Structure formats: C-alpha cells, structure tokens
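Data first, discussion second: the structure below is written as structure tokens.
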Amino acid sequence: ADVVRAVLADTGHSQFVLAEVRSAVNSSGRQRSRLALWSRRLLGEAITQAQYILADRDELVDLVLAGGGLGQVTDWFERLQRTHGERMHELGLA
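The sequence shown runs contiguously to residue 208 in this note's numbering.
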C-alpha cells in the first residue's frame, strides 16, 4: 500500500501536464476532439481490464474496495467514471 501511495503522490508533474494539454486543446479543435476520443477509449479499456482483474483475483477485490466486499463494485466503477469526467473537464476535454 505504501508503494501505491508513493506512486500516486503529487510530484508537481500534474501541473505541467495540465498546462500542456490545455494549450493543445485551446489551439486546435481537431486536437481537442482527438484527445477527448482517446480519453474515452482509455476509460473504457480501464474499466474492462479492472472487471477482468476483479473477476479473476478475489484478493484484489478486498484491496481495491477496502474490504467492503463486492457490493461496492458498482460504486467503485461510478467513482472511476466520475473522477475521469472531472479530469476531462479540468483539461478542457469535457
């Protein structure tokens, strides 16, 4: 868990990425459309892979869902979609 937290810690790179993506989005409608489409594809692939992994590895279900059991799977996927939408809005892609 400590390794995951360390990787997820904000290192300052996120502000650089935000600025670069916003610049690309604002300079080209075509680029905006491509990035928005790509982001939706990434979300779809992430959801599909998460479903495969959760279906195959019971021990990961407990880790991902903090011991709440399978009843929280729907909430977890909804949160994944919501936070993705928030990121896309912040980037100007929503």
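Using N, Cα and C, we set each Cβ at its ideal position, and we do this for glycine too. Since this is a predicted model, take the numbers as computed values, not measurements.
- Here DSSP, grouped into helix, strand and coil, assigns G126 to coil.
- Of the residues assessed, V131 falls on the exposed side of the cut-off, its CB having fewer than 16 other CB atoms within 10 angstroms.
- Counting every other CB atom within 10 Å of its CB across the protein chains shown gives L177 a total below 16, marking it as exposed.
- Taking the Cα of Q186 as reference, the smallest distance to any Cα among Q163, L168, T197 and E159 is reached at L168.
- The three-state secondary structure of G206, taken from DSSP, is coil.
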